[in-house]
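Protein chains in written order, with the numbering used here: chain B, 33 to 379; chain P, 20 to 387.
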Ligand SMILES: [Zn+2]
């Protein structure tokens, strides 16, 4: 992670939240938070909760009422704060590492800032949050404290979104335009996408999820095309890996040199080599491991510090935890249908 | 770019949705399937019809924003029995069941086409706003459509995907229907010892049925008595008998006239025997007939041509959710889906019809 400039902002953000709403987080009797915290959005019953590595409930963050089909979670590695995207309540909420509410976008009385949002991504260089505000056909840049820093308009149906951990630029899959667009993380105010566009890839139908690589490159997958592409920092195709049926989520693991893909229809987790080039009809040739027989995996999260890969196995009500060799470390069970997750391995 | 529906996915979706058990009032698993496919794409809501009719699911409404006048697409989620454990197979270009159940193309073919339409909708250019209404309990009396929450519906015209004609056909007129139950009351007596004291209710019913005009009354009116019951034993003069029947007509005044005729015959038969009869009528659905320039007819004509089909308009003989929608003031026509032999274990649908249906749905969504 690159702390050169943004570390100041991050520290400032953390201090602010200390001073305002909620006081310090603790892991229980006043002790600081330690150990892994796994955030899981259970879709059918609209529950968001934090679990430890062993699967014990640490905190119920919210249930139906606060949430209605939460669909995306990301954490800020610096302080463990988590952002949750919720489709039907039309809101984005930020919580402390301990699960205390820090901020939410306006609700009905405030006229709803977002409408049917589908994905979010925390910029690891700033703590800001980028939101795929699908119902408003735009992408939002929210400050770490929740203010709106930019509204990037001109998308048709934005879907996946991912902020580059180094440069802070942002990859967006615009489903409605069959395009994967990279925009400058410095976008501010109300701005059309053309004004902040760094690159645009239009060589793949129906792009769905995206993942920013640490070196300015990007990854995108398509349900329609059944493939994953690797894109240059200017969004030109560098590699294409096929053989998927419904790839729905991606995660980059920089230290491991891998990109993880989950395919909801084929029921698999594949670890693609990050340095892959060229066109491959089948992922098998460029994967370091493939885990099969998963029931409808919907999300994948790579904890780069701990070397753990988390998979939300929606069809089986499990969260699976793997190491970097694809060995199953643990299975957290008893969920109704986990659809999104993120993890933070503490200080 | 004009997004097209993926044929491979469409066939798979149809097989998946056909395999789900869901007779009238037991559509929960069908509703959950549709929600799980679409709820992360577009707002999906379920109304309270399930509670109102004592079913396990309500109608689902999927709201897909777009540009222009919103239109409503309707398909029903329930199927008729026997529909448990449907196993599909594809032979000679047809999808069919294993032979011991219905296939359920009526109306799951439409459900599959609309699910695929919704998944492709984000990528369609110049697409009007769409509302997909998936109704419950159509087969058992249009109950879902009758109890739907129309406050949430903004569509100014509707296309009900539920006719068995091939894609390209549309039903623009349908009869109204009234259902009758008549209970004849006589007097019981021992048939061998004192028959003089009895009044035979079965005889009353028989004489009423015998004098009623039934079958095809004229080119647009029909009448039928379909059920009869009564009596307890051969040596008892029956004190009670019941008949159930219906009248259908495309013309409301003819419908009313034939209802009156049947009432008359029932009352006459009861009076002549010295007994009496209770008659109760319920409206099954109201007739409709759309002009050739009515908005859904005009749009269908353009869209069918855009999909490479020659539009053909026919009058139907049965009721569908379109009867309810037309009665509510939403001009509606019923679209041919190409299901063959519906409501039988020989039901089948050509894979090509399924594809044409999806193309037609796309054309209805995008044709100016
Ligand atoms: Zn039907």
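Glycine included, every Cβ here is placed at the ideal spot set by N, Cα and C.
- Task: Could you round the C-beta distance between residue 217 of chain B and residue 195 of chain B to whole angstroms and report it? I think they count as a contact, below 8 Å.
- Result: Position 185 of the first chain, counted from the start, is the residue given in the question as residue 217 of chain B. Position 163 of the first chain, counted from the start, is the residue given in the question as residue 195 of chain B. Correct: roughly 7 Å between the Cβ atoms.
- Task: Enumerate, from N- to C-terminal direction, the unbroken beta strand (DSSP E) stretches of 3 or more residues contained entirely within the segment 128-153 of chain B.
- Result: Within the segment 128-153 of chain B, the complete beta strand (DSSP E) runs of at least 3 residues are 133-136.
- Cross-strand partners of residue 74 of chain B (DSSP beta bridge): The residue labelled residue 74 of chain B in the question sits at position 42 within the first chain. Residue pairing for residue 74 of chain B: DSSP places it in a beta bridge opposite B:79, B:370.
- Message: Quick check: is any heavy atom of ligand 1 less than 7 Å from the C-beta of residue 157 of chain P?
- Response: The count along the second chain starts at 1 and reaches residue 157 of chain P at position 138. Yes, since a heavy atom of ligand 1 falls inside the 7 Å radius drawn around the Cβ of residue 157 of chain P.
- Item | For residue 54 of chain P, the first and last residue of its enclosing alpha helix (DSSP H) | The sequence position of residue 54 of chain P within the second chain is 35, counting from 1. The continuous alpha helix (DSSP H) containing residue 54 of chain P extends over residues 47-57.
- Query: When Cβ atoms are compared, which residues of the segment 111-124 of chain B fall closer than 8 Å to chain P?
  - Reply: For the segment 111-124 of chain B, the beta-carbon criterion of a distance under 8 Å to any beta-carbon of chain P is satisfied by 119, 120.
- Name the two residues that bound the continuous beta strand (DSSP E) containing residue 305 of chain B. As a position in the first chain, residue 305 of chain B is number 273, starting the count at 1. Where residue 305 of chain B is concerned, the enclosing beta strand (DSSP E) stretches over 300-305.
- Query: Alpha carbon to alpha carbon, what distance is there between residue 247 of chain P and residue 367 of chain B?
  - Reply: On the first chain, residue 367 of chain B is found 335 positions in, with the first residue counted as 1. On the second chain, residue 247 of chain P is found 228 positions in, with the first residue counted as 1. Taking the straight line from one Cα to the other gives about 54 Å.
- Item | Nearest residue (CA-CA) to residue 326 of chain B, options B:370, B:336, B:307, B:305 | Translated into positions along the first chain, residue 326 of chain B becomes position 294. When only C-alpha atoms are compared, the closest one is B:370.
- Query: So, do the segment 137-152 of chain P and the segment 320-336 of chain P have three or more beta carbon pairs nearer to each other than 8 Å?
  - Reply: Using a C-beta cut-off of 8 Å, the segment 137-152 of chain P makes no contact with the segment 320-336 of chain P, since fewer than three inter-stretch Cβ pairs fall below that distance.
- Of all Cβ atoms in chain B, is any one closer than 8 Å to the Cβ of residue 267 of chain P? In the second chain, residue 267 of chain P corresponds to position 248, counting from 1. It does not; no Cβ of chain B falls within 8 Å.
- Message: Can you give me the C-alpha to C-alpha distance between residue 68 of chain B and residue 109 of chain B, rounded to a whole angstrom?
- Response: Start at 1 with the first residue of the first chain, and residue 68 of chain B comes out as number 36. Start at 1 with the first residue of the first chain, and residue 109 of chain B comes out as number 77. Approximately 12 Å between the Cα atoms of the pair.
- State yes or no: is the beta carbon of residue 108 of chain B nearer than 8 Å to at least one beta carbon in chain P? Locating residue 108 of chain B in the first chain gives position 76, where the first residue counts as 1. By this cut-off, residue 108 of chain B is not an interface position.
- Message: Would residue 83 of chain P and residue 167 of chain P be called neighbours here (beta carbons separated by less than 8 Å)?
- Response: For the purposes of this step, residue 83 of chain P is taken as residue 64 along the second chain, with counting starting at 1. For the purposes of this step, residue 167 of chain P is taken as residue 148 along the second chain, with counting starting at 1. Not in contact: residue 83 of chain P and residue 167 of chain P (Cβ atoms no closer than 8 Å).
- Message: Taking 7 Å as the cut-off, is the C-beta of residue 95 of chain P nearer than that to any heavy atom in ligand 1?
- Response: Taking the first residue of the second chain as 1, we reach residue 95 of chain P at position 76. Yes.
- Task: Could you name the residues of the same chain whose beta carbon sits closer than 7 Å to that of residue 160 of chain B, not counting the 5 residues immediately before and after it, in chain order?
- Result: Numbered from its first residue, the first chain carries residue 160 of chain B at position 128. 173, 174, 175, 176, 181, listed in sequence order.
- Task: Compare the beta carbon distance of residue 107 of chain B and residue 71 of chain B with 8 Å and say whether it is the shorter of the two.
- Result: Looking up residue 107 of chain B in the first chain gives position 75. Looking up residue 71 of chain B in the first chain gives position 39. Yes; because the gap between Cβ atoms is below 8 Å, this pair is in contact.
- Message: Mapping the DSSP letters down to three states, classify residue 100 of chain P as helix, strand or coil.
- Response: Translated into the one-based positions of the second chain, residue 100 of chain P becomes position 81. Coil.
- Item | C-beta contact flag for residue 355 of chain P and residue 187 of chain P at 8 Å | If you number the second chain from 1, residue 355 of chain P lands on position 336. If you number the second chain from 1, residue 187 of chain P lands on position 168. Residue 355 of chain P places its beta carbon less than 8 Å from that of residue 187 of chain P.
- Query: alpha helix (DSSP H) containing residue 314 of chain P: first to last residue?
  - Reply: Position 295 of the second chain holds residue 314 of chain P. 314-325 is the span of the alpha helix (DSSP H), which, as asked, contains residue 314 of chain P.
- Item | Whether residue 157 of chain P touches residue 95 of chain P by CB criterion (8 Å) | Within the second chain, the letter at position 138 stands for residue 157 of chain P. Within the second chain, the letter at position 76 stands for residue 95 of chain P. Yes, they are a contact pair.
- Indicate, with yes or no, if ligand 3 has a heavy atom lying under 7 Å from the CB of residue 126 of chain P. Ligand 3 is absent from the structure shown, which contains only ligand 1.
- Listed in chain order, which residues of the segment 204-229 of chain B have Cβ atoms closer than 7 Å to some Cβ of chain P? Within the segment 204-229 of chain B, the residues whose Cβ lies closer than 7 Å to some Cβ of chain P are 207, 208, 210, listed in chain order.
- Could you name the residues of chain B that residue 342 of chain P contacts, counting a contact when the two beta carbons are closer than 9 Å? As a working note, residue 342 of chain P is residue 323 in the second chain. Per Cβ cutoff of 9 Å: no residues; residue 342 of chain P is ~33 Å from chain B at best.
- Option in B:192, B:140, B:143, B:357 with minimal Cα separation from residue 164 of chain B: Reading the first chain from its first residue, position 132 is the one you call residue 164 of chain B. Nearest option by C-alpha distance: B:192.
- Message: Using the Cβ count rule (16 or more neighbours within 10 Å means buried), how would you classify residue 96 of chain B?
- Response: One-based indexing of the first chain puts residue 96 of chain B at position 64. With fewer than 16 neighbouring CB atoms inside 10 Å of its own CB, residue 96 of chain B falls in the exposed class.
- What are the boundary residues of the alpha helix (DSSP H) that includes residue 69 of chain P? For the purposes of this step, residue 69 of chain P is taken as the residue at position 50 of the second chain. 68-71 is the span of the alpha helix (DSSP H), which, as asked, contains residue 69 of chain P.
- Return yes when the C-beta of residue 206 of chain B is under 7 Å from any heavy atom of ligand 1, and no when it is not. Taking the first chain and counting its residues from 1, one reaches residue 206 of chain B at position 174. Residue 206 of chain B: no, Cβ never under 7 Å from ligand 1.
- Query: Quick one: what's got a C-beta closer than 8 Å to residue 314 of chain P's C-beta in the same chain, skipping five residues either side?
  - Reply: Taking the second chain and counting its residues from 1, one reaches residue 314 of chain P at position 295. The answer, listed in chain order, is 175, 176, 350.
- Residues of the segment 56-67 of chain P with Cβ closer than 7 Å to any Cβ of chain B, in chain order: Cβ contacts with chain B: 58, 59, 62.
- Give me the Cβ distance between residue 210 of chain P and residue 255 of chain P, rounded to the nearest whole Å; I'm assuming they're in contact under 8 Å. As a position in the second chain, residue 210 of chain P is number 191, starting the count at 1. As a position in the second chain, residue 255 of chain P is number 236, starting the count at 1. So it is a contact: roughly 6 Å between Cβ atoms.
- residue 181 of chain P Cβ short of 7 Å to ligand 1 heavy atom set: Counted from its first residue, the second chain places residue 181 of chain P at position 162. Checking every heavy atom of ligand 1 against the Cβ of residue 181 of chain P, one is found closer than 7 Å.
- Task: Report yes or no: is there a C-beta of chain B within less than 8 Å of the C-beta of residue 141 of chain P?
- Result: Start at 1 with the first residue of the second chain, and residue 141 of chain P comes out as number 122. Taking a beta-carbon distance threshold of 8 Å, residue 141 of chain P counts as an interface residue toward chain B.
- Task: Identify whether residue 115 of chain P lies in helix, strand or coil by the three-state DSSP scheme.
- Result: The residue labelled residue 115 of chain P in the question sits at position 96 within the second chain. The answer is strand: DSSP assigns residue 115 of chain P an E or B state.
- Against chain B: residues of the segment 72-89 of chain P by CB proximity under 7 Å: Those would be none; no residue qualifies.
- Query: Using a Cβ-Cβ cut-off of 7 Å (strictly less than) and excluding sequence neighbours within five positions of residue 78 of chain B, which residues of its own chain qualify?
  - Reply: Your numbering for residue 78 of chain B matches position 46 in the first chain. Here residue 78 of chain B has 95, 96, 99, 100, 101, 102 as same chain residues with Cβ atoms under 7 Å from its own Cβ, once five neighbours each way along the sequence are excluded.
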